[in-house]
Amino acid sequence: MASNDTRRHHTACPLDCPNTCALQVTTEGGKLKEVAGDAEHPYTRGIICGKVSRYEEIQNGPRLTSPLLRRGEKGGGEFFNIGWDEALDIAAASLRERMQTFGSETVWPFYYGGTMGMVQRGAVERLTHRAGFSRIARTVCAEVAEAGWMAGMGRMVGSDPQDIAKSDLVILWGIDAAATQLPLMGFVKEARRRGAKLVVVDPVLNRSARMADWHLALRPGSDGALATAMLHVLWRENLLDRYYLEKWSDWGPDLESHLESRDPQWAEAITGIPAEEIRRFARLYGEVKAPFIRLGMGFSRQANGAVNVHAVSALPVARNAWKELGGGALLMTGGAFHVNDAAVKQPGFMKESTRILDMSRLGVWLTSPTLEPPVTAMMIFNANPVATLPDSGLVREGFSRRDLFTIVHEQVMTDTARFADLVLPATTFLEHDDLYKSYGQYSMQSGWACLSPTGLARSNHQVVNALARRLGYHDAAFREDERTVVARLLRDSGYLPVAQWPKGHWLDCRPPREVRQFQGGYGHRDGRFRFAPAWRNREMPRFPDHWPVNRRDNLEEAARYPLDFMTPPAMEVLNTTFLASEAACKRLGKPLLWLHPRDAGPRGIVSGDWVKVENPLGALTMKARVTEEVRPGLVVCYSNRKSEDFPENRPLNLLSHGDRVAPFGGVAFHDNRVEVIRVESQEEGEEP
Ligand SMILES: Nc1nc2c(c(=O)[nH]1)N[C@H]1C(S)=C(S)[C@@H](COP(=O)(O)OP(=O)(O)OC[C@H]3O[C@@H](n4cnc5c(=O)[nH]c(N)nc54)[C@H](O)[C@@H]3O)O[C@H]1N2
Ligand SMILES: Nc1nc2c(c(=O)[nH]1)N[C@H]1C(S)=C(S)[C@@H](COP(=O)(O)OP(=O)(O)OC[C@H]3O[C@@H](n4cnc5c(=O)[nH]c(N)nc54)[C@H](O)[C@@H]3O)O[C@H]1N2
Ligand code: SF4
Ligand SMILES: [Mo]
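Read in my numbering, the sequence shown has 706 at position 388, and its numbers run on one by one without any break.
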């Protein structure tokens, strides 16, 4: 690619974002020139976010270009360059030594969402299976929302997001689509041009709520109460589809007697929304033709999140909102892709079942005196756990352990890479091949490399294969290239090879309308939606309800730490991806604590003051932004953040507790409690 020519390439956005946008990339003389949305893709329609349209800030930005070996203290971030051969020798020797002393499970490969490409993301699993390393339960993001949706529906599909354009009532529920799902908003705007109303259910007057016709600013963690009271109204006012419920659900007299007491008055006390407003919302929902609820994962990040997601998912069922195109609901689309990724992960390599460690409890595992065998080596791909996991004080303590050998494969220097013994430079999606499904729309896409690797960067796939061979595993699976794996994965899954896809770079995987809109029943064996889910956890309420298990329901803690604290995603970054770019950080600005005048006043806080935000896990100092955009009693700091952003040199998740969320684990990132105290200025306070 040495010539000076301009070329256009198709690929897909690899980031952990439901849109998985189809991209058109222009390169010139072997350099990235432009990243734009593909106008021909029916969901992307040429619209992508500002983060990725400025991808050159990462691609040509502060990239890691060579393997690095730690020089100073753990976490000090001092390294020197070494070659790949030496790096792989050191890695293999360190792993082997620990495996001999403690057994193979002492090694814990860890990965999450840096790239969502199926070949790169899951690559390390085949080595995990082959070597008998500890496995990972990937719970940090979708676990709770998935549990809530699957409990009732039994299948992870939903209405096509493109059909939002045909809806007459769009409800964004616990999702800040205007910040996190820009392409989706195109369809919302189209619906509104045709007369649809937009309702946002969110404790914060977020970007989406500012555009809405109606904003229901409920208390965090009270969505179950709101949805249950809506069911009450639909039932009492004969807005149910009785025929549909009879055929495709377990609706019955027990549920009706449960709903009896769950009226809007009851929900007002829990949600903080006036009963009359709840009644009006339920009627509107029951009376329009094609209401579409886009459920976000935002509202699942609460201790009672699964119960709340289930309760909201019951609404389209109750009135059969699925009947018309443009109606229904969507959480995620993952169930539409029947992928067999054995070619990537090689589950057959696992001789004996090895233990599975929950990623969200990484801090606990690394500091546990009793875990047997202890984790003494980690290999981290696609993730920045020091910043993104809860209880980050404990995570940091774990990574500081002298006896822990940590390998981090990264594109840029991060909070986590700083704690590595060995840092390996990673390619970007423009430099490696992969195949992408999506969790927010229904197409599969291919993405081939269009640039040469930067410096000595290598892909996840290549690093895994090279390391496997150094460890003495000579299976054919550790010799194949990425395209071969893509081809095999497609064949094993029953999909056409990429070269035969009718639309070129993407494949329409949309399930038929009666499947995605549940006109032929739900995913459970009896085909019925479950208003009474078979929750594994017996303490969970039998029917849609309010489940008071959140931080504020622990009265002792709630009294000492009187404010709810949430850390929803910021528009300018994607988790911590882009935080390595100075320009992106500038756009993001310094961390701000949003608090309501009613909470600021008694604490003597005005906008621009320095405040200390504290709870039993720690304290972080940031500036205050006094605003009515948050509810009284709620404070918010947009995420995610690196340690450097705070004078304490600790990441935002210092303040996030890591308690497991029912029923299967996951993190209640938006369910924390804090107290806020004004502190003397550390520098001239300017108005944020
Ligand atoms: N407080 C708070 N914390 C949160 C959340 C929140 O809302 N609030 N959200 C949570 C959610 S939803 C999620 S999904 C997690 C995300 O947590 P993580 O998955 O840890 O996400 P990122 O911080 O984006 O880290 C991804 C890293 O992978 C690197 N990377 C990208 N591509 C590649 C590649 O091809 N190879 C390799 N080796 N590395 C690559 C990037 O440079 C980046 O540093 O964070 C969670 N943390
Ligand atoms: N710009 C940007 N885009 C992103 C990300 C990012 O970090 N930045 N992260 C990506 C990732 S990994 C994911 S998983 C998705 C997540 O994206 P979504 O599924 O869209 O969810 P969020 O946007 O995280 O939802 C955040 C909203 O939930 C609200 N919320 C919090 N608690 C509650 C509650 O109890 N009830 C209700 N009703 N609302 C509540 C918050 O106020 C906030 O407005 O976004 C992806 N896209
Ligand atoms: S909106 Fe999401 S999928 Fe689309 S380009 Fe931006 S980060 Fe990627
Ligand atoms: Mo996520």
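Even glycine gets a Cβ: it sits at the ideal position worked out from N, Cα and C.
Just so you know, these numbers come straight off a predicted model, no measurement behind them.
A straight line joining the alpha-carbon of residue 788 with that of residue 683 spans about 27 Å. In this structure the segment 352-361 does not touch the segment 874-885; the number of beta carbon pairs closer than 8 Å is below three. When the beta-carbon positions are compared, residue 338 and residue 331 come within less than 7 Å of each other. DSSP, reduced to helix, strand and coil, places residue 453 within a strand of the structure shown.
The beta-carbon distance between residue 995 and residue 921, rounded to whole angstroms, is 7 Å. This is short enough to meet the 8 Å contact definition. In this chain, residue 813 is not harboured by any alpha helix (DSSP H), its DSSP state being neither H nor E. In terms of side-chain proximity, the C-beta atom of residue 400 is found no nearer than 6 Å to any non-hydrogen atom of ligand 2.
Beyond the five residues adjoining it in sequence on each side, residue 448 comes within less than 6 Å, by CB distance, of 667, 791 in the same chain, given in chain order.
In the structure shown, residue 504 falls within a helical segment according to DSSP collapsed to helix, strand and coil. In the displayed model, residue 883 falls within a strand according to three-state DSSP.
Counting only runs of at least 4 residues, the segment 756-800 fully encloses the following alpha helix (DSSP H) elements, listed from N- to C-terminal order: 778-788. In this structure, residue 617 has its CB closer than 6 Å to one or more heavy atoms of ligand 2. At least one heavy atom of ligand 2 lies closer than 6 Å to the C-beta of residue 522. Non-local C-beta neighbours of residue 364 in its own chain, meaning closer than 6 Å and more than five positions away in sequence, comprise 355, 357, ordered along the chain. Collapsing the DSSP output to three states places residue 574 in a helix.
Look at residue 728 here: in three-state DSSP terms it is strand. Shortest gap from the CB of residue 335 to any heavy atom of ligand 3: under 6 Å. DSSP places residue 626 in the helix class (H, G or I) of the three-state scheme. Annotation for residue 474: 650, 652, 653 place their beta carbon closer than 6 Å to its own, counting only its chain and skipping 5 residues before and after.
Ligand 1 has a heavy atom closer than 6 Å to the beta-carbon of residue 431.
Under the 8 Å Cβ criterion, the segment 520-538 counts as touching the segment 482-499, having at least three qualifying pairs. A direct Cα-to-Cα measurement between residue 481 and residue 531 gives close to 20 Å. For residue 918, the uninterrupted alpha helix (DSSP H) run begins and ends at 915-918, by DSSP. With contacts defined as CB atoms closer than 7 Å, residue 546 and residue 601 fail to qualify as a contacting pair. Where residue 594 is concerned, the enclosing alpha helix (DSSP H) starts and stops at 593-605. Per DSSP, the continuous alpha helix (DSSP H) segment holding residue 703 begins and ends at 703-706. For residue 585, the uninterrupted alpha helix (DSSP H) segment begins and ends at 582-589.
A contact is defined here as three or more CB-CB pairs under 8 Å, and the segment 421-437 fails this definition with respect to the segment 384-404. Distance from the Cα of residue 434 is smallest, within the candidate group 329, 724, 671, for 329.
For the pair residue 762 and residue 436, the Cα-to-Cα distance works out to about 11 Å. A Cβ-Cβ distance of about 7 Å is found for the pair residue 705 and residue 971, placing them in contact under the 8 Å criterion.
The beta carbon of residue 678 lies closer than 7 Å to those of 457, 458, 707, 708, 976, 983, 984, 985 in the same chain, with the five residues before and after it left out.
Considering only 582, 538, 690, 756, the residue with the shortest C-alpha distance to residue 548 is 582. At a cut-off of 4 residues, the continuous stretches assigned as alpha helix (DSSP H) that sit fully inside the segment 816-862 are 831-834. Of the heavy atoms belonging to ligand 1, none sits nearer than 6 Å to the Cβ of residue 737. When distances are taken from the beta-carbon of residue 367 to the heavy atoms of ligand 3, the shortest one is below 6 Å.
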